[in-house]
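J.: After the structure tokens below, expect a handful of questions from me.
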Amino acid sequence: MDKPLTADIRPDRRPLSLKEYRATGGYRGLEKALKNLTPDQVIAEVKASNLRGRGGAGFPAGLKWSFMPRGEDAPQPRYLVCNADEMEPGTFKDRLLMEGNPHQLIEGMAVTAYALGAKIAFIFLRAEYSTAARNIEKALHEAYDSGYLGSNVLGSEFGLELYLHTSAGRYICGEETALINSLEGKRANPRAKPPFPQVSGLFGQPTVVNNCETLCNISHIIDKGADWFKGLGRGEDSGTKIFGATGNVKRTGLWELPMGTPIREIFEDCAGGMEEGYQMRGFLPGGASTDFLLPEHLDLAFDYDVIGKAGSRMGTGSLIILDNKTCPVAMVKNLTHFFAQESCGWCTPCRDGLPWAEQLLDKIEQGKGTMEDLETLAWQCTFMGPGNTFCALAPGAAEPIQSALRYFREDFERHIHEGQCPWH
Amino acid sequence: MSASSVQTLHVNELSTEERREIEAECAHYPQRRAAAIEGLKVVQKYRGWVSDSSIEALARFLQMPAGELEGVATFYNLIFRQPVGKHVIMLCDSVCCWIKGSDKMRQHLTHTLGIQPGETTPDGLITLLPIVCLGDCDRAPTLMIDDQQHGNLTTEKVDELIAAIQNTSSAKKNPPKSKETKHD
Ligand SMILES: Cc1cc2nc3c(=O)[nH]c(=O)nc-3n(C[C@H](O)[C@H](O)[C@H](O)COP(=O)(O)O)c2cc1C
Ligand code: SF4
Ligand code: FES
Chain A
18 MDKPLTADIR PDRRPLSLKE YRATGGYRGL EKALKNLTPD QVIAEVKASN LRGRGGAGFP
78 AGLKWSFMPR GEDAPQPRYL VCNADEMEPG TFKDRLLMEG NPHQLIEGMA VTAYALGAKI
138 AFIFLRAEYS TAARNIEKAL HEAYDSGYLG SNVLGSEFGL ELYLHTSAGR YICGEETALI
198 NSLEGKRANP RAKPPFPQVS GLFGQPTVVN NCETLCNISH IIDKGADWFK GLGRGEDSGT
258 KIFGATGNVK RTGLWELPMG TPIREIFEDC AGGMEEGYQM RGFLPGGAST DFLLPEHLDL
318 AFDYDVIGKA GSRMGTGSLI ILDNKTCPVA MVKNLTHFFA QESCGWCTPC RDGLPWAEQL
378 LDKIEQGKGT MEDLETLAWQ CTFMGPGNTF CALAPGAAEP IQSALRYFRE DFERHIHEGQ
438 CPWH
Chain B
48 MSASSVQTLH VNELSTEERR EIEAECAHYP QRRAAAIEGL KVVQKYRGWV SDSSIEALAR
108 FLQMPAGELE GVATFYNLIF RQPVGKHVIM LCDSVCCWIK GSDKMRQHLT HTLGIQPGET
168 TPDGLITLLP IVCLGDCDRA PTLMIDDQQH GNLTTEKVDE LIAAIQNTSS AKKNPPKSKE
228 TKHD
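Here the protein sequences line up with chains A and B, keeping their order.
So the mapping is simple: this note's numbering equals the position in the first sequence, first residue as 1, plus 17.
So the mapping is simple: this note's numbering equals the position in the second sequence, first residue as 1, plus 47.
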């Protein structure tokens, strides 16, 4: 099975040096783009590959790039930013890519910057990934020294300065317009859209923000072609995806598999099913801000639209598994605490709604809740839903709450009727 | 609050190293103030935390209003606006670690260190803080000591980590050699 993103990553994640990366076919995609393809041809190839953004929303990458003004008259500088903030609880895939093979990301960014006509690019890395930071810095030095970055990349007209920015810790920095503010040295409040970053982003200039995993795919698509990439998927979606599993499963971890792989294969074959003595009750399919799904959904294909139709989101593709020994109310309280704490405080439904929801969940979990509290909680979820806030943090935070109310209603009611947490 | 407001130390100049490192970051951006976060991190690297006078000095260096820099400094979880211990233990309290027993680790830490989250041991050695998901969820429960992550925690492993901190700090007292050199 083809695993373009991780096949060359060592089990201990010791990063590939430039020489080792080249020996695996590294920088072939960049050479091909610069020698044989125009920027428009690169964009056309990525569009044809149907690569969808791996940051959570699944927006087609080539389409996003095509919104950036290009050509002689377009404004300069234009920027490319890699979103490597990765602070969604339960998500740890970009870390593997950056620790194990930083040149793959650098090459993907160089090809992307060439396509966009961007001469300056940033990697926005979360603060806690110190090993990734060290490995990226080293790879950047190697790439500059060997002419893969700098004023004339591989002797061509194209020049690229690529900088590493390490953050100071705040989940909202992962939202792309908040990230742009943070990169400008400001508080990371999201910006109103439109204008979209592709038109007016970093320092008011055209900017594309893509997720780290999205960018790591680019050189492979250019090297091997859109058809090859489409052929990797098992269902509707193209390529592979790094899936994960956490919770009380036999083996937690990450696995690169074709898009469209049935969730059951990840849960049973990769993660080995539940640990002795535990049963699965449900799972969040793609990080903390996705709706719960149930064991009956395990045979669904992990594709954006399939998961969407089942009432949840692919998100980041990392399963967080709820077992029978864990209280669903307490789990949702933990998730809500995270979102309440990390809200940037800009909009009322988020700033006020999330702490309120957390208090209600706390009250219910302690056995002091009432049936009206359940109604209030459900109402809170609509209040925080899409369209009422500046960014998707609050709607994302509402997803596990609303789905838990739907699927684990009995457990909520037991807390209320028994006056205590049945799991305590 | 009250005790520290009495403090009138005038450390309101950046050191040569700090200036050099922050200046290098400024070069990446069209505006000096864009290096605010890097600047705060550099100051914190050398001083352990970011005081009011450090804010003033850095704001002057970046040619931005101190009030605005203050707003930036307080926004980010890992910029410390109060003194912290020599080492900071940050225990992940997000969902995967919670499922795998981070509450038990917190109880063990608070009991062993004799402090609550947000506090520093009386000898000034260790500050304990909660932190959000460290992106190390497959090794839950996890924590971070300074910039080093440790996963698959058990109470025994937590004891070993604390002992290691206590040993290195008492070992350092003997040879008053040069301070550990930080690489960037
Ligand atoms: C609250 C919030 C946090 C986010 N965090 C991240 C993140 O850590 N990494 C990421 O790539 N995208 C994150 N996103 C999505 C980004 O806004 C953006 O859609 C993404 O970086 C685009 O990249 P892609 O098109 O390649 O997927 C977040 C969105 C929201 C609303
Ligand atoms: S939804 Fe929340 S995080 Fe997003 S802008 Fe509004 S207050 Fe900030
Ligand atoms: S939830 Fe603790 S490291 Fe991710």
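Backbone N, C-alpha and C define an ideal beta-carbon position, used for all residues, glycine too.
For P94 of chain A and N265 of chain A, what's the separation of their Cα atoms in angstroms?
T.: In the first sequence, the residue the question calls residue 94 of chain A occupies position 77. In the first sequence, the residue the question calls residue 265 of chain A occupies position 248. P94 of chain A and N265 of chain A: Cα-Cα distance of roughly 48 Å.
J.: Which residues of chain A have a Cβ atom closer than 9 Å to the Cβ of R80 of chain B, listed in chain order?
T.: Here the question's residue 80 of chain B lines up with position 33 in the second sequence. Neighbours of R80 of chain B in chain A, taken as residues at a C-beta separation under 9 Å, are given in chain order as E201, G202, K203.
J.: Drop a sphere of 10 angstroms on the beta-carbon of K92 of chain B, count the other beta-carbons inside from all chains shown, and report buried for 16 or more, exposed for fewer.
T.: For the purposes of this step, residue 92 of chain B is taken as residue 45 along the second sequence, with counting starting at 1. With fewer than 16 Cβ atoms within 10 Å of its Cβ, K92 of chain B is classed as exposed.
J.: Hey, is Y188 of chain A close to ligand 1, as in C-beta under 7 Å from one of its heavy atoms?
T.: Here residue 188 of chain A refers to the residue found at position 171 of the first sequence. Yes.
J.: Which residues count as close to ligand 2 when the rule is a CB under 6 Å from any of its heavy atoms, in chain order?
T.: A:I189, A:P207, A:S360, A:C361, A:G362, A:W363, A:C364, A:C367, A:R368, A:T406, A:F407, A:C408, A:L410, A:A411
J.: Do three or more CB pairs link the segment 274-283 of chain A to the segment 308-318 of chain A at distances below 8 Å?
T.: yes
J.: Relative to the C-alpha of T79 of chain A, which residue among A:L310, A:H182, A:E62, A:A24 is closest?
T.: Position 62 of the first sequence, counted from the start, is the residue given in the question as residue 79 of chain A. Checking the sequence, you will find Gly at residue 79 of chain A rather than Thr. Out of A:L310, A:H182, A:E62, A:A24, A:E62 has the C-alpha closest to the C-alpha of G79 of chain A.
J.: Check whether chain A comes within 8 Å of S216 of chain B, counting only Cβ atoms and requiring the distance to be less than that.
T.: What you label residue 216 of chain B is simply residue 169 of the second sequence in a count that begins at 1. No, its Cβ sits nowhere closer than 8 Å to a Cβ of chain A.
J.: By the 10 Å Cβ neighbour count, where 16 or more other Cβ atoms means buried, how is T187 of chain A classified, buried or exposed?
T.: On the first sequence, residue 187 of chain A is found 170 positions in, with the first residue counted as 1. Note on residue identity: the sequence assigns Arg, not Thr, to residue 187 of chain A. Looking at its Cβ environment, which holds 16 or more other Cβ atoms inside 10 Å, R187 of chain A is buried.
J.: Quick check on L352 of chain A - is its C-beta less than 8 Å from some C-beta in chain B?
T.: Position 335 of the first sequence, counted from the start, is the residue given in the question as residue 352 of chain A. It does; some Cβ of chain B falls within 8 Å.
J.: Between the segment 221-232 of chain A and chain B, which residues of the former have CB atoms less than 7 Å from a CB of the latter, in chain order?
T.: So nothing in the stretch comes that close.
J.: List, in order along the chain, the chain B residues whose C-beta lies closer than 8 Å to that of N265 of chain A?
T.: By 1-based counting over the first sequence, the position of residue 265 of chain A is 248. Correct list: I146, K147.
J.: Quick one: residues in its chain with C-beta nearer than 8 Å to the C-beta of K210 of chain A, no 5 flanking neighbours on either side, listed in chain order?
T.: Your numbering for residue 210 of chain A matches position 193 in the first sequence. Hits under 8 Å: T194.
J.: Near V90 of chain B, which residues of its chain fall below 7 Å by C-beta distance, leaving aside the five closest residues on each side in sequence?
T.: One-based indexing of the second sequence puts residue 90 of chain B at position 43. These residues qualify, in order along the chain: E65, V97, S101, L105.
J.: Using the rule of at least 16 other Cβ atoms within 10 Å of the residue's Cβ for burial, across every protein chain shown, is K226 of chain B buried or exposed?
T.: By one-based count along the second sequence, residue 226 of chain B stands at place 179. With a pLDDT of 40 at K226 of chain B, under the threshold of 50, the modelled position of this residue cannot be trusted; read the value that follows with caution. Counting Cβ neighbours within 10 Å, K226 of chain B comes out exposed, since fewer than 16 surround it.
J.: With 16 other CB atoms within 10 Å as the buried threshold, where does W145 of chain B fall?
T.: Against the second sequence, residue 145 of chain B aligns to sequence position 98. Under this definition W145 of chain B is a buried residue.
J.: Using a Cβ cut-off of 8 Å (strictly closer), state whether S329 of chain A contacts chain C.
T.: The question asks about chain C, but that chain is absent: this structure's protein chains are A and B.
J.: List, in order along the chain, the chain B residues whose C-beta lies closer than 8 Å to that of L104 of chain A?
T.: Taking the first sequence and counting its residues from 1, one reaches residue 104 of chain A at position 87. Looking at the sequence provided, one finds Met at residue 104 of chain A rather than Leu. Correct list: V179, C180, G182.
J.: For T23 of chain A, decide whether its Cβ has a neighbour in chain B, counting only Cβ atoms nearer than 8 Å.
T.: For the purposes of this step, residue 23 of chain A is taken as residue 6 along the first sequence, with counting starting at 1. Answer no: the Cβ-Cβ gap between T23 of chain A and chain B never drops below 8 Å.
J.: Against chain A, does V135 of chain B count as a neighbour if the rule is that its beta carbon must be under 8 Å from one of theirs?
T.: As a working mapping, residue 135 of chain B is identified with position 88 in the second sequence. Chain A, which has no Cβ nearer than 8 Å to the Cβ of V135 of chain B, makes this no.
J.: Beta-carbon of S52 of chain B versus every beta-carbon of chain A: anything under 8 Å?
T.: Position 5 of the second sequence holds residue 52 of chain B. For S52 of chain B, the predicted model reports a pLDDT of 41, less than 50, meaning its position is unreliable and no value from the coordinates is stated.
J.: Pairing CB atoms from the segment 25-40 of chain A with CB atoms from the segment 119-133 of chain A, are three or more of them under 8 Å?
T.: yes
J.: Of all the residues that make up the segment 60-79 of chain B, which are near chain A by a beta-carbon distance shorter than 8 Å?
T.: Hits within the stretch, in order: H75, Y76, P77, Q78.
J.: Do T231 of chain A and ligand 1 come close, with the Cβ less than 7 Å from some heavy atom?
T.: One-based indexing of the first sequence puts residue 231 of chain A at position 214. Yes, Cβ of T231 of chain A sits closer than 7 Å to a heavy atom of ligand 1.
J.: Out of curiosity, what's the CA-to-CA distance linking A211 of chain B and T406 of chain A?
T.: Against the second sequence, residue 211 of chain B aligns to sequence position 164. Against the first sequence, residue 406 of chain A aligns to sequence position 389. Each residue's Cα considered, the two are about 47 Å apart.
J.: Using CA atoms only, rank isn't needed, just tell me which of A:E145, A:S306, A:M401, A:M115 is closest to S9 of chain A.
T.: With chain A covering only 18 through 441, there is no way to say anything about residue 9 of chain A.
J.: Give a yes or no on whether 8 Å exceeds the smallest Cβ distance from I381 of chain A to chain B.
T.: For the purposes of this step, residue 381 of chain A is taken as the residue at position 364 of the first sequence. It does not: the Cβ of I381 of chain A has no partner Cβ on chain B nearer than 8 Å.
J.: Below 7 Å CB to CB, which residues in the same chain sit around C442 of chain A once its five sequence neighbours on both sides are set aside?
T.: Only positions 18 to 441 of chain A appear in the structure, and residue 442 of chain A is not among them; the question remains open.
J.: Rounded to whole angstroms, what's the CA-CA distance from G171 of chain B to T129 of chain A? Just pull it up for me.
T.: The residue you call residue 171 of chain B lines up with position 124 of the second sequence. The residue you call residue 129 of chain A lines up with position 112 of the first sequence. Each residue's alpha carbon lies about 48 Å from the other.
J.: I want to check one thing, is the minimum distance from the CB of V90 of chain B to the heavy atoms of ligand 3 below 7 Å?
T.: Translated into the one-based positions of the second sequence, residue 90 of chain B becomes position 43. No.
J.: For the candidate residues B:C180, B:D150, B:Q154, whose alpha-carbon lies nearest to that of T343 of chain A?
T.: Mapped onto the first sequence, residue 343 of chain A falls at position 326. Answer by Cα proximity: B:D150.
J.: Closer than 8 Å, CB to CB, is K88 of chain B near chain A or not?
T.: Working through the second sequence from its first residue, we reach residue 88 of chain B at position 41. Cβ-Cβ to chain A under 8 Å: yes for K88 of chain B.
J.: Does G248 of chain A have its Cβ less than 8 Å from a Cβ in chain B?
T.: Working through the first sequence from its first residue, we reach residue 248 of chain A at position 231. Judged by the 8 Å Cβ criterion, G248 of chain A is not in contact with chain B.
J.: Under three-state DSSP, which class holds R69 of chain A?
T.: Here residue 69 of chain A refers to the residue found at position 52 when the first sequence is read from its first residue. Here R69 of chain A sits in strand by DSSP.
J.: Quick one, which of A:R251, A:M104, A:E292, A:I235 has its alpha-carbon nearest R268 of chain A's?
T.: Numbered from 1 along the first sequence, position 251 holds the residue referred to as residue 268 of chain A. The candidate whose alpha carbon is nearest that of R268 of chain A is A:E292.
J.: Could you tell me which of B:V142, B:G148, B:L176 sits nearest to T157 of chain B, measuring between CA atoms?
T.: As a first step, residue 157 of chain B must be located in the second sequence, where it is residue number 110. Here the closest residue by C-alpha is B:L176.
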